[in-house]
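As given, the protein sequences belong to chains A and B, one line each in that order. Residue numbers 1 to 165, in my numbering, belong to the letters of the first sequence in order. Residue numbers 166 to 293, in my numbering, belong to the letters of the second sequence in order. Quick reminder that beta carbons are idealized off the backbone N, C-alpha and C, glycines included. No experiment lies behind these values; they were computed from the predicted model shown.
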Amino acid sequence: MKLNKAGDSGYLELVFGPRWVYIATVRKFLQNFLSVTIGDSRKADIISMAASELLENAIKYASEEGTKISAHFREKQKLLLLSVENFSSSENIEVLRKQIEIVNAGTPEEMYLAKMLEAAERSDGGSQLGFARIRYESNAKIDLHIKGDLVVVSITFDLDAFGDK
Amino acid sequence: MNKLGIEDFISEDINIKVEDFDGGIRVAFIGDIDSQDPDSSLMPFFDRINSKIIENGIKQIELDFLKLNFMNSSGIKVIVKWAQLSLILPEHKSYKFRILANSRVSWQVNSLKFLTMLYPDLIEISII
Numbered sequence: 001m002k003l004n005k006a007g008d009s010g011y012l013e014l015v016f017g018p019r020w021v022y023i024a025t026v027r028k029f030l031q032n033f034l035s036v037t038i039g040d041s042r043k044a045d046i047i048s049m050a051a052s053e054l055l056e057n058a059i060k061y062a063s064e065e066g067t068k069i070s071a072h073f074r075e076k077q078k079l080l081l082l083s084v085e086n087f088s089s090s091e092n093i094e095v096l097r098k099q100i101e102i103v104n105a106g107t108p109e110e111m112y113l114a115k116m117l118e119a120a121e122r123s124d125g126g127s128q129l130g131f132a133r134i135r136y137e138s139n140a141k142i143d144l145h146i147k148g149d150l151v152v153v154s155i156t157f158d159l160d161a162f163g164d165k
Numbered sequence: 166m167n168k169l170g171i172e173d174f175i176s177e178d179i180n181i182k183v184e185d186f187d188g189g190i191r192v193a194f195i196g197d198i199d200s201q202d203p204d205s206s207l208m209p210f211f212d213r214i215n216s217k218i219i220e221n222g223i224k225q226i227e228l229d230f231l232k233l234n235f236m237n238s239s240g241i242k243v244i245v246k247w248a249q250l251s252l253i254l255p256e257h258k259s260y261k262f263r264i265l266a267n268s269r270v271s272w273q274v275n276s277l278k279f280l281t282m283l284y285p286d287l288i289e290i291s292i293i
């Protein structure tokens, strides 16, 4: 197992069990970690919000136990790479693929507005609003990689390109 | 007890206090809204406040998020659903929202401000 991530200026990888209650714990830990790593607690807030939204999806739609979250800081490029991995069913992967495609297609403002109105029509617990929120609050694009039933959702945050609206 | 006769909402993660203030009702959120299904836990509570507001002819409600640490997107959905309850009322029964947001909390500055873009005639925001 390789423990040293050469070339990164701060990194973490964490694998945890599928229970919903861990999300808040991971979010708070990540917020602290990022505040120290990138030295900006407001941006750390937004990135940890994004992580929390991705973890909610991962846990809600997981087909197997285990969710992995990674954060890598590339100081020279002022980039923060966040990714969340889990196993899911082909049906859920297809829903995820479509959601990410839709949210990446329009401007962050348009998509957040449209998804908010759409969410308000839903009477189940979900909102399908998380990706649109992440895009609006961070200006970042969301990428999806699928390897069989392993799903990796990743976001590259350009730390010079977002902040309070 | 407030003038609506509604008791506070108390759970492990979130306390919601309903308080009187001059000219309206203040609903103060303390904690986190990050459960898997805030729709089923919070919407019945907001429905009850909505009914009592109409019954008492109240025109202004203040949503105080200053002590809310985090709200997930399912929680944001519930706030939008509540706003829509007022939106569909005839004018003489409708009421307006004033959001108090914490300037030190980034998601509040971004996402709560966005609610005012969604319904500019219904929701206003003060960032403190």
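For N234 of chain B, the three-state DSSP class (helix, strand or coil): strand
Might you give, ordered along the chain, the residues of its own chain that have their beta carbon closer than 6 Å to the beta carbon of S83 of chain A, omitting 5 neighbours on each side? S70, V152, S154
Please look up how many angstroms separate the CB atoms of W272 of chain B and M49 of chain A, rounded, as I've assumed it's under 8 Å. At roughly 5 Å, the Cβ-Cβ gap stays under 8 Å, so W272 of chain B and M49 of chain A are in contact.
Nearest candidate by alpha-carbon position, reference V243 of chain B, set B:G188, B:F210, B:G170, B:S176: B:F210
Contact criterion: CB-CB distance below 9 Å. Does D124 of chain A meet it with respect to chain B? Residue-level contact check: D124 of chain A touches chain B, since one or more beta carbons of chain B fall below 9 Å from its beta carbon.
Check whether the Cβ of G17 of chain A lies closer than 9 Å to any Cβ atom in chain B. no
Where A58 of chain A and V183 of chain B are concerned, what is the direct C-alpha to C-alpha distance, given to the nearest angstrom? 35 Å
From K217 of chain B to L169 of chain B, what does the alpha carbon distance come to, in whole angstroms? 6 Å
Which residues of chain B have a Cβ atom closer than 9 Å to the Cβ of A119 of chain A, listed in chain order? S238, S239, I241, K242, V245, K246
Between P203 of chain B and N234 of chain B, is the Cβ-Cβ spacing less than 9 Å? Cβ distance not < 9 Å, so P203 of chain B and N234 of chain B don't count as in contact.
Going by DSSP, what residue range makes up the alpha helix (DSSP H) through G130 of chain A? First-last of the alpha helix (DSSP H) with G130 of chain A: 130 to 138.
Residue from B:L207, B:K278, B:G188, B:P255 with nearest C-alpha to F194 of chain B: B:L207
Would you tell me roughly how many angstroms separate the C-alpha atoms of E118 of chain A and D158 of chain A, rounded to the nearest one? The straight-line gap from Cα to Cα measures roughly 29 Å.
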